[in-house]
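S.K.: Sending over a structure as structure tokens; questions will come in a sec.
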Amino acid sequence: MLTDVGGVWQSIFPVGSDILHHIFLRFYNDYGIGIFSFLSYLSIAFGTYALARRYTSPETSLLSSIVIISLPELVYQATSTKNDIVVSALAIFCFLTVHRLLEQVNFKDLVILILALFWGISVKTTWLAFLLPFSLFCGILLLRKYPVKFWVQVISHHWKQGVIFVVPVLIFSQFWLFIHNYYVWGTWSGMPEYNALSKQVDGLKGAIANLVRYLLQSMDVLEPGNIIVRRLIAISFTELLQKIYNTFLYPIFGDAATNERLGPFQLSWWSHEDMAWFGPLGFLLVIPAILYSVIKGRKFLRASGLTLLGYIFILSYALAWNPFHNRYVSVFFVASGGCVAYFIKSFEQKKLLLNLVKYTSILILITACFINVAKPLITFNKDTYIAANINVLNFPYVIFKESIWGQSKFGTNRFYYADAFFGDSRVKEFMKLIPPGSQVALVTQGHMSPNWVYHYLLYNPQVKFTPVLETTLKSKNIKFDYILCTEIDCKFNQTELDGTILWSAKSSVKPGKLIRLAESRSNQKK
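Just so we're aligned: 442 in full-length UniProt numbering is position 442 of the sequence shown, and the numbers increase by one with no gaps anywhere.
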């Protein structure tokens, strides 16, 4: 049920792309669930090339595609399971479909475009920030080339086929979820208290403040570049930009578009999909390319650039600043391939500059693959250097041992991330202690905080988990065999629970507890 969840975001947000993972998870297997992100990555590469070929040579189109797929945040998303990369691929697909319609109207392309636009809503609610300017600017292009009367004739000639597609459109629109949200929470977007955490309430001032912050964050020189700058001038580039913001911009914007939970604006880059940005070319090439296309581009490129600018403005206006909004901004940078190609075309006679862009992109792509915190190909730490100094011949082995392949034993250790996150082997301990058919009350941090329950659910299909509130467990009528407290140290005494603590986190990174209820309590359900 949508209300039977450990976190409110699990019930209020659409699952249009997340449901694809069910192809693997329904067989209790997590191998392969990242394939959809990687397919989206490939789709972005080919889609960017296809879009660029409308305006530039094969060589320039290939270069623009390499620029886009080398953006660090996109590289990190390519092996993730989050839905932001799917939205970026979908935006490129919509641009391509509109371009096809401008070349020649085809009812099939029109239906595909409508389905794609509605499916975007089911993938991520931030798609609405793209849908609005896209519908406006691309809609104007289509109406200018083909009058309304023409579109009426096309639809009337294919009305039988159109009726068939009403059902998938309704499903993709997620209207049923929004109705449920309104019925349960009072708003279409879900729990008001939860949404208030990300809502921007300072109007135009807050939107401008966010745009400035995103602009500063886009000046990403990657972590190696940050280290080099610190060595040269005794201050990192991040600290330098933060000092400039605090001195000149904070007096203007203050804490506009921020909230108490996240604190004031703090500039930071981290080689992880949650905190990375889009590298030096994102700032030096992508942003100028979008602006250049709006000013000097053809009609379609101008509409594309205005759509992306509209997207970033709506995000800035609607959502409070958050250091994790780098993922939301992906569409702005990733879907700009056509604009980038057109911008590169303006200096494609300057071979030195083209080579600089090409080799810089390749270097960034390789660097991003190696320094990905979540899946590191190489991890340099103190122990690595010590081992290398002791035995230089052993250095390659030490490097491999520190890589994601070495640490996860080529992916055979399916508990690698759970053990690293929790700081112990509690998931494996749970599997040993809980017999099949048990009823387990799952207690998490609450509706407002994310919780890692995935591994428990995946590796214990024979166990029935039910998310409950901590206060509910003090009732004398609870009907469970066990209580699992994850990322929280349940404050129960023996009298309240009439049970036995089977496992409790000691010096682990995350708190947790497993409690077996007394036979007399658990038998109430029988």
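We treat Cβ as the ideally placed atom computed from N, Cα and C, and that holds for glycine.
Short check: CB of S438 to CB of I85, under 8 Å?
M.R.: Not a contact, by the Cβ cut-off of 8 Å.
S.K.: Going by DSSP, which residues form a beta bridge with G499?
M.R.: Paired residues: L517.
S.K.: Quick one: which unbroken alpha helix (DSSP H) runs of 4-plus residues sit fully inside the segment 318 to 369? Chain order, please.
M.R.: The qualifying runs are 330 to 334 and 337 to 345.
S.K.: Whole beta strand (DSSP E) runs in the UniProt domain "Glycosyltransferase RgtA/B/C/D-like" (29 to 171) with 3 or more residues, listed along the chain?
M.R.: Segments of the beta strand (DSSP E) lying fully in the UniProt domain "Glycosyltransferase RgtA/B/C/D-like" (29 to 171): there are none.
S.K.: Beta-carbon within less than 7 Å of T367's beta-carbon, same chain only, minus the 5 sequence neighbours each way: which residues are those?
M.R.: Once the five neighbours on either side are set aside, the close Cβ partners of T367 are L222 and P224.
S.K.: I'd like to know if the segment 14 to 23 and the segment 80 to 97 are in contact, where contact means that at least 3 CB-CB pairs between them fall below 8 Å.
M.R.: The segment 14 to 23 vs the segment 80 to 97: in contact.
S.K.: Whose C-alpha, out of C490, P280, D481 and H455, is nearest the C-alpha of residue 541?
M.R.: What the structure shows of the chain is the stretch from 1 to 526, and residue 541 is not part of that stretch, so it cannot be assessed.
S.K.: Using DSSP with H/G/I as helix, E/B as strand and the rest coil, what is A505?
M.R.: Coil, per DSSP.
S.K.: Going by Cα to Cα distance, which pick from V111, E348, L354 and Y41 is closest to Y55?
M.R.: Checked all of V111, E348, L354 and Y41; the closest Cα to Y55 is E348.
S.K.: What are the complete alpha helix (DSSP H) segments, minimum 4 residues, inside the segment 254 to 322?
M.R.: Here the runs fully enclosed are 287 to 296 and 299 to 318.
S.K.: Assuming Y292 and F343 are in contact, meaning their beta carbons sit under 8 Å apart, how far apart are those beta carbons, in whole angstroms?
M.R.: Yes, Y292 and F343 are in contact; Cβ-Cβ is about 5 Å, under 8 Å.
S.K.: Within its chain, find whatever has a CB closer than 6 Å to the CB of Y385; leave out the 5 residues flanking it on each side and keep chain order.
M.R.: Residue confidence is low: Y385 scores 45 on pLDDT, short of 50, so the model does not pin down where it sits. Its coordinate-derived value is still stated next. Here the set comprises nothing.
S.K.: Answer with buried or exposed for N106, where buried requires no fewer than 16 other C-beta atoms within 10 angstroms of its C-beta.
M.R.: So N106 ends up on the exposed side.
S.K.: Which of the three DSSP states, helix, strand or coil, is assigned to Q200?
M.R.: Q200 falls in the coil class under three-state DSSP.
S.K.: Evaluate contact between the segment 154 to 170 and the segment 107 to 115, counting only Cβ atoms and requiring at least three cross-stretch pairs below 8 Å.
M.R.: A contact exists between the segment 154 to 170 and the segment 107 to 115.
S.K.: DSSP on F248, reduced to helix/strand/coil?
M.R.: In this structure, F248 counts as helix in the three-state DSSP scheme.
S.K.: Going along the chain, which residues of its own chain have a beta-carbon closer than 7 Å to the beta-carbon of F24, five neighbours each way excluded?
M.R.: Answer for F24: D30, Y31, G32 and I33, listed in chain order.
S.K.: Specify, as a first and last residue, the run of the alpha helix (DSSP H) that A418 falls within.
M.R.: A418 -> alpha helix (DSSP H) spans Y416 to F422.
S.K.: Is R231 buried or exposed, if buried means 16 or more other CB atoms sit within 10 Å of its CB?
M.R.: It counts as exposed.
S.K.: My assumption, with CB atoms under 8 Å, is that S336 sits in contact with V286. Please give the rounded CB distance.
M.R.: About 5 Å separates the two Cβ atoms, so the contact holds.
S.K.: By a C-beta neighbour count over all protein chains shown, 10 Å radius and 16 as the cutoff for buried, is K149 buried or exposed?
M.R.: Exposed, because fewer than 16 other Cβ atoms sit within 10 Å of the Cβ of K149.
S.K.: By the DSSP assignment, the alpha helix (DSSP H) with P224 in it spans what residues?
M.R.: Note, P224: alpha helix (DSSP H), L222 to I233.
S.K.: List the endpoints of the continuous beta strand (DSSP E) containing Y482.
M.R.: Looking at the DSSP string, the run of the beta strand (DSSP E) that includes Y482 is Y482 to T486.
S.K.: Give a yes or no on whether the C-beta atoms belonging to L96 and L51 are separated by under 8 Å.
M.R.: Cβ atoms of L96 and L51: closer than 8 Å.
S.K.: Suppose you measure from the CA of L170 to the CA of L309; what does that come to, to the nearest Å?
M.R.: If I take the Cα positions, the gap works out to 29 Å.
S.K.: What is the residue span of the beta strand (DSSP E) that K464 lies within?
M.R.: Element bounds for K464: K464 to P467.
S.K.: Can you tell which of L315, T126, G186 and S504 has the C-alpha that lies nearest to the C-alpha of V427?
M.R.: That would be S504, whose Cα lies nearest to the Cα of V427.
S.K.: Hey, how far is the Cα of N413 from the Cα of C485?
M.R.: Approximately 24 Å between the Cα atoms of the pair.
S.K.: Considering V440, what are the terminal residues of the beta strand (DSSP E) in which it resides?
M.R.: Looking at the DSSP string, the run of the beta strand (DSSP E) that includes V440 is Q439 to V443.
S.K.: According to DSSP, is G16 helix, strand or coil?
M.R.: Residue state, collapsed to three classes: coil.
S.K.: Report the rounded CA-to-CA distance for R521 versus L514, giving the unit in angstroms.
M.R.: Confidence at R521 is low in this model, with a pLDDT of 47, below 50, so its placement is unreliable and the value that follows should be read with caution. So the two alpha carbons sit approximately 16 Å from each other.
S.K.: By Cβ distance below 7 Å, which residues in the same chain neighbour R302 in space, the five residues on each side in sequence not counted?
M.R.: Excluding residues within five positions, the ones whose Cβ falls inside 7 Å are S293 and V294.
S.K.: Per DSSP, G512 is paired with what?
M.R.: T486.
S.K.: Would you mind working out which of N259, I290 and C339 sits nearest Y194, comparing C-alpha positions?
M.R.: Closest option to Y194, Cα to Cα, is N259.
S.K.: Rounded to whole angstroms, what's the CA-CA distance from V233 to L215? Just pull it up for me.
M.R.: The question names Val, yet the displayed sequence has Ile at residue 233. The alpha-carbon atoms of I233 and L215 are separated by roughly 23 Å.
S.K.: Relative to the alpha-carbon of F134, which residue among K510, K296 and C94 has its alpha-carbon at the smallest distance?
M.R.: Residue C94 is the option with its Cα nearest to F134.
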